[in-house]
Amino acid sequence: MATAETLRDLAISVLDEHKALDIKSIDVRKQTDITDYLIIASGTSDRHLRALADAVMARMREEGVKPIGKEGLTVGDWALVDLGDVVVHVMRPEVRDFYQLERLWGELPQMRGQNEGR
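Encoded structure:
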């Protein structure tokens with residue numbers, strides 16, 4: 125089974141290979157138990173967003189990792205690929221600027237009592 129860090133690094137590599145813009149990884153293990161890492165990247169068009177999300181899902185399947193879920197592939201402004209320990213968001217730049225997920229997750233307080241060694 126792939127570690128969260130392996131999934132994160134692989135997803136970032138795929139996004140980079142497919143020309144995603146401004147790729148960021150956020151370690152959210154101290155803020156939530158839902159996932160370990162959020163990856164946020166921008167795409168240049170609706171088609172580019174779909175291609176990025178599809179490429180991440182295809183590569184994960186090649187590695188034996190089945191995505192838990194996907195959202196937004198038909199909408200065009202924001203797509204999400206849920207890999208369990210890693211959640212990948214690809215957005216148009218203006219949508220990313222509006223929601224500011226990097227800032228939101230960076231400002232959330234750390235959970236109390238969470239294992240530090242995790």
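Per our numbering, the very first residue in the sequence shown carries number 125; after that it's consecutive. In this text, a Cβ means the ideal position worked out from N, Cα and C, and glycines have one as well. Only a predicted model underlies this, so the values are computations on that prediction, with no experimental measurement involved.
- Per the DSSP secondary-structure output, A165 pairs in a beta bridge with V214.
- Check the Cα spacing between H213 and each of E186, K154, A179 and R185: the tightest is with A179.
- Residue environment: S166 is assigned as buried (16 or more neighbouring CB atoms within 10 Å of its CB, all protein chains considered).
- Of the residues assessed, A182 falls on the exposed side of the cut-off, its CB having fewer than 16 other CB atoms within 10 angstroms.
- S169 has its alpha-carbon roughly 12 angstroms from the corresponding atom of K143.
- Counting C-beta pairs with one atom in each stretch, the region 151-163 and the region 197-204 have fewer than three that are closer than 8 angstroms, which means they do not touch.
- Partner residues in the beta bridge of I150, as assigned by DSSP, are L162.
- A straight-line Cα-Cα distance of about 19 angstroms links L134 and R153.
- Restricting attention to S149, L207, D151 and I150, the CA atom closest to the CA of A177 is found in L207.
- No Cβ-Cβ contact shorter than 8 angstroms links I147 with W229.
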